[in-house]
Structures are given as C-alpha cells and as structure tokens.
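Residue numbers (this note's numbering): 54 to 274.
Here a beta-carbon is modelled for each residue, glycine too, at the ideal position from N, C-alpha and C.
The model shown is predicted, which means the values in this text are computed figures rather than measured ones.
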C-alpha cells in the first residue's frame, strides 16, 4: 500500500467573524477561485484594500502587481494564496470558479450579513449624488451594488428587505451585461447605518469618505 499524501494545511480560519464576512464580500466581487481547487486571488486597484483583505484573513503573502483590468489603470494589485480547505469551504457557501455570471445566493449568517455587504460595496459598489434641476434644493444620492449576475442581486435585495425593510430596485446596464441594485436617498441612509454600525470596522476609506461627504451635503451627520 502506498503512503498517503500529507493532509492539506488549513491557512485561513472558517469561523465566522466580522473580518471573515467582510473578506467574503470582497471575494464575491473582486476575487477569483482558480480552477485547480486550491488557489484564491483577490485583485483591486486600491492597494490599501488588498492590505485590508490580507489582514482580515491573516495572510502573509506578498502583494503583487497585475497589468490591466481597470480603465485608465496600467496596473492593479493582487494577492494570491493556496488553501484547499478554505477553497472547499468557499465552494460550500456558494462561490465557484468563473462565478461572475453564475453567482447566486450565498450562505451568509444574518449576524454577519452587513459585514459581507460592506465588503461587496467596497469591492464592486458605488455611490453618487447630484442636484436635481427640476426642483429647487433637491439633492439626490444613491447607493449601488453591481453584478453580472441578476440572481445574485435578487438575493441581495431580498436579504436586505427581510433584514431592514428597504426595497431598492434592480436595473439593467444593457449591452454591458451588468445589473445594478440601487437604493435612493432615504434607503441609502439606512444601508449606510447598517454597514458602518460601529467604529474601526474593516472598510475602504476612499468610499467611506465619499459617503460621509454626501451625507454631510444632505445635512446628515
């Protein structure tokens, strides 16, 4: 009888926490599970976000540069690591290789859903505001989540509705193949309070400052 191979070492803890849920949100948007059943990549134009991702998972791997992938950006940043057990766990909660158009519902505990949502927003979400010329002193702003998978956004929308009572709406990006889940002014305030529910949570500072600036313009502290 031949010798059994060494048991794969567990590098990343799969015990649910604020940091793990946030990292799952990042993987669900800007991450990638390779086809070898072992490696996970996370790529972002924000080096600080890659550092935060590493911290959340307790990784020691070096951050590298990757050419292309973002408009007007010659390089973005990437960390890659191998962990068979974590890879299998990710598949078990609903992630998969080449997931962008196939991702659907994920098994995220309600307790950590808004940490996951903050990661999703930092990975592939946006916010914007404008003064509506049709009405005097009408300041509008929106919180948006993007995905190539309609079923994933439908799941997110239903989850948010069940946990916080907000509805939002989904629209199509047309030929680009992207779907958008949007929340307008009043509901945006509710989402922001939910995802930044306490200080010192892992987050992308650039987007947090933009949201804070929008709320300040609207007179909300």
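Taking all protein chains shown into account, residue 244 has 16 or more neighbouring C-beta atoms within 10 Å of its C-beta and is therefore buried. Judged by beta-carbon spacing, residue 271 lies within the 8 angstroms limit of residue 194, meaning their Cβ atoms are closer than that value.
Spanning the alpha carbons of residue 221 and residue 240 requires a straight line of approximately 7 angstroms.
Per DSSP, the unbroken alpha helix (DSSP H) holding residue 241 starts and ends at 238-248.
When C-alpha distances from residue 128 are compared across 116, 215, 223, 212, the shortest belongs to 116. Per DSSP, the beta bridge partners of residue 132 are 95.
Cβ contact annotation for residue 202 (same chain, cutoff 6 angstroms, sequence separation greater than five): 154, 156, in chain order. Residue 242 and residue 176 have their C-alpha atoms some 20 angstroms from each other. Using a C-beta cut-off of 8 angstroms, the stretch 181-191 makes no contact with the stretch 200-219, since fewer than three inter-stretch Cβ pairs fall below that distance.
Check the Cα spacing between residue 98 and each of 88, 198, 119, 164: the tightest is with 119. Secondary structure of residue 114 (DSSP, three-state): coil.
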